[in-house]
Amino acid sequence: MFNRLGKTAAGDDPKMGRLVSYWSVTVLLYLLCLGIVWLETFTGSGQREAAAALTILSCLGHAGFYLLIRKSRRLRLTPAQLSVYQGRFAVLITCLGYPIVGPFRGACLVVLLVTLVFCAFTLEARKTHSLSIFAIVLLGAMMIAMSRLDPAFDARIEFVHFVLIGTMVAVVGILTGRMSDLRARLKKQKDELLVALARIQDLATRDALTRLPNRRFMVDLLQGGERVPHGRPACLALLDIDWFKRINDTYGHAAGDEVLQRFAEEGSKLLRPTDILARWGGEEFLLFLPQTTLAQAQGILERFRRHTEAWTLAHGEARLRVTVSAGLVELHDREDYGSGISRADALLYRAKSEGRNRVAVEEEGAAVTAA
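Residue numbers for the sequence shown follow full-length UniProt numbering, so the first one is 1 and each next one is one higher.
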(Lines of atoms letter the chains of each structure in order from A; the text may use other names.)
(Lines give C-alpha, C1' and ligand atoms only; values in the text may rest on other atoms or scores of the structure.)
Protein backbone atom coordinates (compact mmCIF):
# COMPACT_ATOMS: atom_id res chain seq x y z
CA MET A 1 0.00 0.00 0.00
CA PHE A 2 2.76 2.43 0.97
CA ASN A 3 4.63 1.71 -2.25
CA ARG A 4 1.49 2.57 -4.22
CA LEU A 5 1.10 5.79 -2.25
CA GLY A 6 4.77 6.60 -2.88
CA LYS A 7 4.38 5.98 -6.60
CA THR A 8 1.26 8.15 -6.74
CA ALA A 9 2.96 11.01 -4.88
CA ALA A 10 6.42 10.71 -6.42
CA GLY A 11 5.86 9.50 -9.98
CA ASP A 12 7.86 6.74 -11.62
CA ASP A 13 11.18 7.42 -9.87
CA PRO A 14 11.76 4.32 -7.64
CA LYS A 15 14.14 6.09 -5.25
CA MET A 16 11.82 9.06 -4.82
CA GLY A 17 8.92 6.62 -4.39
CA ARG A 18 10.70 4.88 -1.50
CA LEU A 19 11.41 8.20 0.24
CA VAL A 20 7.80 9.31 -0.10
CA SER A 21 6.53 5.93 1.12
CA TYR A 22 8.72 6.24 4.24
CA TRP A 23 7.33 9.74 4.72
CA SER A 24 3.81 8.28 4.47
CA VAL A 25 4.58 5.81 7.27
CA THR A 26 5.73 8.64 9.54
CA VAL A 27 2.53 10.58 8.75
CA LEU A 28 0.44 7.63 9.96
CA LEU A 29 2.56 7.37 13.10
CA TYR A 30 2.07 11.08 13.79
CA LEU A 31 -1.68 10.76 13.25
CA LEU A 32 -1.78 7.99 15.82
CA CYS A 33 0.16 10.06 18.34
CA LEU A 34 -1.95 13.16 17.71
CA GLY A 35 -5.03 11.01 18.19
CA ILE A 36 -3.77 10.14 21.66
CA VAL A 37 -3.13 13.84 22.37
CA TRP A 38 -6.66 14.81 21.35
CA LEU A 39 -8.16 11.88 23.26
CA GLU A 40 -6.56 13.20 26.44
CA THR A 41 -7.68 16.72 25.51
CA PHE A 42 -11.35 15.74 25.18
CA THR A 43 -11.52 13.18 28.01
CA GLY A 44 -8.89 14.33 30.49
CA SER A 45 -6.97 17.37 31.53
CA GLY A 46 -5.18 18.07 28.25
CA GLN A 47 -5.04 21.67 27.05
CA ARG A 48 -6.85 22.25 23.78
CA GLU A 49 -4.70 25.23 22.79
CA ALA A 50 -1.49 23.26 23.30
CA ALA A 51 -2.90 20.27 21.37
CA ALA A 52 -3.94 22.53 18.50
CA ALA A 53 -0.52 24.18 18.37
CA LEU A 54 1.17 20.79 18.39
CA THR A 55 -1.10 19.58 15.59
CA ILE A 56 -0.43 22.64 13.44
CA LEU A 57 3.32 22.33 14.02
CA SER A 58 3.21 18.65 13.05
CA CYS A 59 1.24 19.32 9.86
CA LEU A 60 3.52 22.18 8.83
CA GLY A 61 6.59 20.07 9.56
CA HIS A 62 5.36 17.15 7.49
CA ALA A 63 4.34 19.37 4.60
CA GLY A 64 7.80 20.91 4.72
CA PHE A 65 9.48 17.52 4.74
CA TYR A 66 7.41 16.39 1.77
CA LEU A 67 8.64 19.42 -0.18
CA LEU A 68 12.22 18.76 0.92
CA ILE A 69 11.94 15.15 -0.27
CA ARG A 70 10.55 16.16 -3.65
CA LYS A 71 13.23 18.85 -4.06
CA SER A 72 16.03 16.80 -2.48
CA ARG A 73 17.94 16.34 -5.74
CA ARG A 74 17.85 20.02 -6.58
CA LEU A 75 18.85 20.89 -2.99
CA ARG A 76 21.44 18.07 -2.96
CA LEU A 77 19.99 16.51 0.19
CA THR A 78 20.88 12.88 0.83
CA PRO A 79 18.45 10.38 2.44
CA ALA A 80 20.69 10.38 5.53
CA GLN A 81 20.42 14.16 5.88
CA LEU A 82 16.64 14.00 5.50
CA SER A 83 16.50 11.28 8.16
CA VAL A 84 18.50 13.42 10.60
CA TYR A 85 16.12 16.36 10.12
CA GLN A 86 13.02 14.19 10.39
CA GLY A 87 14.38 12.32 13.41
CA ARG A 88 15.15 15.52 15.33
CA PHE A 89 11.75 16.94 14.42
CA ALA A 90 10.04 13.76 15.62
CA VAL A 91 11.92 13.92 18.93
CA LEU A 92 10.95 17.59 19.32
CA ILE A 93 7.27 16.91 18.65
CA THR A 94 7.27 13.93 21.01
CA CYS A 95 8.84 15.92 23.83
CA LEU A 96 6.44 18.84 23.27
CA GLY A 97 3.53 16.43 23.44
CA TYR A 98 4.80 14.77 26.58
CA PRO A 99 3.28 17.25 29.07
CA ILE A 100 -0.06 17.33 27.20
CA VAL A 101 -1.03 13.65 27.22
CA GLY A 102 -1.20 13.18 30.98
CA PRO A 103 -1.47 9.48 31.90
CA PHE A 104 -0.70 8.53 28.31
CA ARG A 105 2.88 9.77 28.65
CA GLY A 106 4.18 6.22 28.32
CA ALA A 107 3.05 6.28 24.69
CA CYS A 108 5.43 9.20 24.01
CA LEU A 109 8.30 7.18 25.38
CA VAL A 110 7.47 4.34 22.99
CA VAL A 111 7.37 6.81 20.09
CA LEU A 112 10.91 7.92 20.91
CA LEU A 113 12.11 4.34 20.64
CA VAL A 114 10.25 3.82 17.35
CA THR A 115 11.81 7.02 15.97
CA LEU A 116 15.33 5.83 16.77
CA VAL A 117 14.75 2.38 15.29
CA PHE A 118 13.19 3.88 12.17
CA CYS A 119 16.15 6.22 11.62
CA ALA A 120 18.65 3.40 12.10
CA PHE A 121 17.91 2.12 8.59
CA THR A 122 19.43 5.20 6.97
CA LEU A 123 21.76 6.80 9.54
CA GLU A 124 25.35 6.05 10.37
CA ALA A 125 26.18 4.90 13.91
CA ARG A 126 27.57 8.31 14.90
CA LYS A 127 24.42 10.11 13.82
CA THR A 128 22.22 7.53 15.55
CA HIS A 129 24.12 8.07 18.81
CA SER A 130 23.81 11.83 18.36
CA LEU A 131 20.05 11.52 17.87
CA SER A 132 19.77 9.36 21.02
CA ILE A 133 21.64 11.94 23.09
CA PHE A 134 19.46 14.70 21.65
CA ALA A 135 16.31 12.76 22.67
CA ILE A 136 17.55 12.12 26.23
CA VAL A 137 18.65 15.73 26.79
CA LEU A 138 15.46 17.24 25.35
CA LEU A 139 13.20 14.90 27.31
CA GLY A 140 15.13 15.59 30.51
CA ALA A 141 14.84 19.33 29.95
CA MET A 142 11.10 18.97 29.37
CA MET A 143 10.67 17.01 32.63
CA ILE A 144 12.65 19.60 34.59
CA ALA A 145 10.54 22.40 33.13
CA MET A 146 7.33 20.52 33.97
CA SER A 147 8.44 19.93 37.57
CA ARG A 148 8.89 23.67 38.05
CA LEU A 149 5.86 24.92 36.12
CA ASP A 150 3.21 22.35 37.07
CA PRO A 151 2.62 21.78 40.81
CA ALA A 152 0.64 18.61 40.04
CA PHE A 153 3.62 17.10 38.25
CA ASP A 154 5.01 14.15 40.26
CA ALA A 155 8.78 14.54 39.93
CA ARG A 156 9.48 11.13 41.47
CA ILE A 157 7.41 9.26 38.89
CA GLU A 158 8.84 11.28 36.06
CA PHE A 159 12.35 10.68 37.34
CA VAL A 160 11.67 6.95 37.12
CA HIS A 161 10.30 7.51 33.62
CA PHE A 162 13.42 9.45 32.70
CA VAL A 163 15.76 6.78 34.01
CA LEU A 164 13.86 4.06 32.17
CA ILE A 165 13.52 5.94 28.90
CA GLY A 166 17.06 7.25 29.10
CA THR A 167 18.38 3.73 29.58
CA MET A 168 16.22 2.29 26.80
CA VAL A 169 17.04 5.09 24.38
CA ALA A 170 20.74 4.66 25.08
CA VAL A 171 20.53 0.89 24.58
CA VAL A 172 18.46 1.26 21.42
CA GLY A 173 20.90 3.89 20.18
CA ILE A 174 23.84 1.55 20.74
CA LEU A 175 22.05 -1.40 19.10
CA THR A 176 20.87 0.62 16.11
CA GLY A 177 24.37 2.06 15.83
CA ARG A 178 25.77 -1.44 15.69
CA MET A 179 23.16 -2.31 13.09
CA SER A 180 24.19 0.74 11.08
CA ASP A 181 27.84 -0.34 11.26
CA LEU A 182 26.86 -3.83 10.16
CA ARG A 183 24.83 -2.43 7.27
CA ALA A 184 27.75 -0.24 6.25
CA ARG A 185 30.15 -3.20 6.34
CA LEU A 186 27.75 -5.33 4.33
CA LYS A 187 27.40 -2.55 1.76
CA LYS A 188 31.18 -2.20 1.57
CA GLN A 189 31.59 -5.97 1.16
CA LYS A 190 28.90 -5.97 -1.52
CA ASP A 191 30.64 -3.15 -3.40
CA GLU A 192 33.99 -4.94 -3.12
CA LEU A 193 32.38 -8.15 -4.35
CA LEU A 194 30.86 -6.35 -7.34
CA VAL A 195 34.24 -4.84 -8.16
CA ALA A 196 35.90 -8.25 -7.83
CA LEU A 197 33.25 -9.87 -10.04
CA ALA A 198 33.69 -7.13 -12.64
CA ARG A 199 37.45 -7.69 -12.52
CA ILE A 200 37.01 -11.44 -12.92
CA GLN A 201 34.61 -10.89 -15.80
CA ASP A 202 37.11 -8.53 -17.41
CA LEU A 203 39.95 -11.03 -17.02
CA ALA A 204 37.79 -13.81 -18.42
CA THR A 205 36.53 -11.93 -21.47
CA ARG A 206 39.25 -9.41 -22.34
CA ASP A 207 42.71 -10.03 -23.76
CA ALA A 208 45.31 -8.87 -21.25
CA LEU A 209 47.78 -7.63 -23.89
CA THR A 210 45.60 -5.78 -26.40
CA ARG A 211 42.62 -5.05 -24.09
CA LEU A 212 40.35 -6.25 -26.87
CA PRO A 213 37.59 -8.80 -26.27
CA ASN A 214 39.11 -12.28 -26.33
CA ARG A 215 38.09 -15.47 -28.11
CA ARG A 216 35.90 -16.62 -25.22
CA PHE A 217 33.94 -13.36 -25.30
CA MET A 218 33.35 -13.64 -29.05
CA VAL A 219 32.35 -17.29 -28.86
CA ASP A 220 29.82 -16.50 -26.12
CA LEU A 221 28.54 -13.50 -28.07
CA LEU A 222 28.11 -15.36 -31.33
CA GLN A 223 26.75 -18.53 -29.75
CA GLY A 224 24.26 -16.39 -27.85
CA GLY A 225 22.81 -15.42 -31.20
CA GLU A 226 23.17 -19.01 -32.48
CA ARG A 227 22.13 -18.07 -36.01
CA VAL A 228 22.00 -14.94 -38.12
CA PRO A 229 18.60 -13.22 -37.77
CA HIS A 230 16.47 -13.34 -40.91
CA GLY A 231 16.70 -10.24 -43.09
CA ARG A 232 19.52 -8.59 -41.12
CA PRO A 233 22.84 -8.42 -42.98
CA ALA A 234 26.00 -9.17 -41.01
CA CYS A 235 29.61 -9.86 -41.92
CA LEU A 236 32.57 -11.61 -40.36
CA ALA A 237 36.24 -11.15 -41.12
CA LEU A 238 39.34 -12.96 -39.92
CA LEU A 239 42.47 -10.79 -39.97
CA ASP A 240 46.07 -11.89 -39.64
CA ILE A 241 49.18 -9.72 -39.22
CA ASP A 242 51.55 -10.58 -42.07
CA TRP A 243 54.98 -12.02 -41.28
CA PHE A 244 54.39 -11.76 -37.56
CA LYS A 245 56.69 -14.70 -36.75
CA ARG A 246 59.47 -12.90 -38.61
CA ILE A 247 58.97 -9.83 -36.36
CA ASN A 248 59.24 -12.00 -33.25
CA ASP A 249 62.32 -13.83 -34.54
CA THR A 250 64.09 -10.66 -35.70
CA TYR A 251 63.23 -8.12 -33.00
CA GLY A 252 62.05 -10.29 -30.12
CA HIS A 253 58.72 -11.00 -28.50
CA ALA A 254 58.60 -7.55 -26.87
CA ALA A 255 58.46 -6.02 -30.34
CA GLY A 256 55.75 -8.50 -31.30
CA ASP A 257 53.72 -7.48 -28.26
CA GLU A 258 54.08 -3.81 -29.24
CA VAL A 259 52.86 -4.59 -32.74
CA LEU A 260 49.78 -6.39 -31.40
CA GLN A 261 48.97 -3.54 -29.03
CA ARG A 262 49.40 -0.90 -31.72
CA PHE A 263 47.37 -2.92 -34.20
CA ALA A 264 44.50 -3.22 -31.70
CA GLU A 265 44.68 0.48 -30.84
CA GLU A 266 44.77 1.70 -34.43
CA GLY A 267 42.15 -0.77 -35.61
CA SER A 268 39.69 0.20 -32.87
CA LYS A 269 39.84 3.84 -34.00
CA LEU A 270 38.45 2.93 -37.43
CA LEU A 271 35.46 0.91 -36.28
CA ARG A 272 31.91 1.93 -35.58
CA PRO A 273 30.44 1.59 -32.05
CA THR A 274 28.52 -1.52 -33.12
CA ASP A 275 31.56 -3.29 -34.63
CA ILE A 276 33.51 -5.72 -32.45
CA LEU A 277 37.18 -6.49 -32.96
CA ALA A 278 38.50 -9.38 -30.87
CA ARG A 279 41.81 -11.13 -30.54
CA TRP A 280 41.11 -14.60 -31.86
CA GLY A 281 44.51 -16.10 -31.09
CA GLY A 282 48.18 -15.22 -31.60
CA GLU A 283 48.36 -12.61 -34.36
CA GLU A 284 44.85 -13.44 -35.62
CA PHE A 285 41.81 -11.21 -35.01
CA LEU A 286 38.09 -11.65 -35.60
CA LEU A 287 35.97 -8.71 -36.72
CA PHE A 288 32.17 -8.88 -36.39
CA LEU A 289 30.19 -6.31 -38.37
CA PRO A 290 26.48 -6.42 -37.53
CA GLN A 291 23.91 -4.67 -39.72
CA THR A 292 26.49 -4.47 -42.52
CA THR A 293 26.28 -5.57 -46.13
CA LEU A 294 29.21 -7.19 -47.91
CA ALA A 295 29.93 -4.02 -49.91
CA GLN A 296 29.98 -1.91 -46.74
CA ALA A 297 32.18 -4.42 -44.94
CA GLN A 298 34.58 -4.57 -47.87
CA GLY A 299 35.02 -0.80 -47.67
CA ILE A 300 35.65 -0.98 -43.91
CA LEU A 301 38.22 -3.76 -44.30
CA GLU A 302 40.00 -1.97 -47.11
CA ARG A 303 40.29 1.21 -45.03
CA PHE A 304 41.52 -0.96 -42.18
CA ARG A 305 44.17 -2.54 -44.43
CA ARG A 306 45.38 0.77 -45.87
CA HIS A 307 45.56 2.38 -42.43
CA THR A 308 47.61 -0.53 -41.08
CA GLU A 309 49.97 -0.33 -44.02
CA ALA A 310 50.49 3.40 -43.43
CA TRP A 311 51.58 3.49 -39.79
CA THR A 312 55.01 2.54 -38.47
CA LEU A 313 56.19 1.44 -35.05
CA ALA A 314 59.49 2.57 -33.58
CA HIS A 315 61.27 -0.20 -31.71
CA GLY A 316 64.70 0.85 -30.60
CA GLU A 317 66.49 2.09 -33.70
CA ALA A 318 64.26 0.05 -35.99
CA ARG A 319 60.99 1.27 -37.52
CA LEU A 320 58.58 -1.59 -38.11
CA ARG A 321 55.99 -1.56 -40.86
CA VAL A 322 53.02 -3.87 -40.61
CA THR A 323 50.51 -5.18 -43.12
CA VAL A 324 47.43 -7.29 -42.65
CA SER A 325 45.55 -9.93 -44.64
CA ALA A 326 41.86 -10.66 -44.19
CA GLY A 327 39.15 -13.05 -45.26
CA LEU A 328 35.68 -11.51 -45.40
CA VAL A 329 32.28 -13.21 -45.68
CA GLU A 330 28.69 -12.09 -45.52
CA LEU A 331 26.69 -14.35 -43.25
CA HIS A 332 23.70 -16.06 -44.79
CA ASP A 333 20.19 -15.94 -43.37
CA ARG A 334 19.82 -18.43 -40.51
CA GLU A 335 23.47 -19.43 -40.88
CA ASP A 336 25.38 -20.75 -37.88
CA TYR A 337 28.19 -18.34 -36.96
CA GLY A 338 30.69 -21.20 -36.77
CA SER A 339 30.12 -21.90 -40.45
CA GLY A 340 30.78 -18.27 -41.29
CA ILE A 341 34.05 -18.29 -39.34
CA SER A 342 35.19 -21.40 -41.21
CA ARG A 343 34.52 -19.74 -44.55
CA ALA A 344 36.33 -16.57 -43.46
CA ASP A 345 39.30 -18.66 -42.34
CA ALA A 346 39.53 -20.30 -45.77
CA LEU A 347 39.46 -16.88 -47.43
CA LEU A 348 42.18 -15.63 -45.10
CA TYR A 349 44.47 -18.45 -46.23
CA ARG A 350 43.68 -17.55 -49.82
CA ALA A 351 44.62 -13.90 -49.20
CA LYS A 352 47.93 -14.95 -47.68
CA SER A 353 48.68 -17.40 -50.47
CA GLU A 354 48.01 -14.70 -53.07
CA GLY A 355 50.68 -12.42 -51.64
CA ARG A 356 49.32 -11.01 -48.34
CA ASN A 357 48.34 -7.40 -47.61
CA ARG A 358 44.92 -7.86 -49.17
CA VAL A 359 41.28 -8.59 -48.35
CA ALA A 360 39.77 -11.72 -49.90
CA VAL A 361 36.00 -11.88 -50.18
CA GLU A 362 33.89 -14.88 -50.94
CA GLU A 363 32.26 -13.75 -54.16
CA GLU A 364 34.02 -14.88 -57.32
CA GLY A 365 36.38 -12.20 -58.61
CA ALA A 366 35.70 -9.81 -55.73
CA ALA A 367 39.08 -10.10 -54.04
CA VAL A 368 40.51 -6.69 -53.29
CA THR A 369 44.24 -6.39 -53.79
CA ALA A 370 46.64 -3.84 -52.49
CA ALA A 371 47.11 -0.78 -54.62
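Positions of the beta carbon are idealized from the N, C-alpha and C atoms, including for glycine.
Counting only runs of 3 or more residues that sit fully inside the region 176-216, no beta strand (DSSP E) segment turns up.
For Pro-99, the three-state secondary structure derived from DSSP is coil.
Taking 4 residues as the minimum length, the alpha helix (DSSP H) runs contained wholly in the region 276-310 are 294-310, in order along the chain. By the criterion of a C-beta distance shorter than 8 Å, Ser-268 is surrounded in its chain by Leu-212, Leu-277, once the five residues flanking it on both sides are discounted. Collapsing the DSSP output to three states places Ala-152 in coil. For Phe-159, same chain residues with a beta-carbon under 8 Å away, outside a window of 5 residues either side, are Met-143 in chain order. Excluding its 5 nearest sequence neighbours in each direction, Leu-301 has C-beta neighbours in its own chain below 7 Å: Ala-237, Ala-326, Leu-328, Val-359, listed in chain order.
Looking at the backbone, the Cα of Thr-210 and that of Val-259 are separated by about 10 Å. A straight-line Cα-Cα distance of about 22 Å links Thr-250 and Ser-353. Per DSSP, Leu-313 lies in no alpha helix (DSSP H) segment; the continuous beta strand (DSSP E) that holds it begins and ends at 312-315. In the three-state DSSP reduction, Asp-333 falls in the coil class, being neither helix nor strand. Each of Phe-288, Asp-191, Arg-199, Thr-205 was checked against the Cα of Leu-239, and the nearest Cα belongs to Phe-288.
In the three-state reduction of the DSSP assignment, Gly-355 falls in the coil class, being assigned neither a helical nor a strand state. Within the same chain, Gln-291, Thr-292, Thr-293, Glu-330 come within 7 Å of Pro-233 by CB-CB distance, once the 5 residues on both sides are set aside. In the three-state scheme derived from DSSP, where H, G and I count as helix and E and B as strand, Val-110 is classed as helix. Straight-line measurement puts the Cα of Arg-216 at about 13 Å from the Cα of Ile-200. A straight-line Cα-Cα distance of about 14 Å links Leu-82 and Leu-116. In the DSSP secondary-structure assignment, Ile-241 is bridged to Val-324. Here Phe-89 has Gly-61 as same chain residues with Cβ atoms under 7 Å from its own Cβ, once five neighbours each way along the sequence are excluded. Put simply, the backbone Cα of Val-172 is about 7 Å away from that of Leu-113. By the Cβ rule, the region 129-147 does not count as touching the region 183-195, because fewer than three pairs are nearer than 8 Å.
One Cα belongs to Gln-298, the other to Leu-75, and the distance between them is close to 54 Å. Using a 10 angstroms sphere on the CB of Phe-42, the tally of other CB atoms stays under 16, which defines it as exposed.
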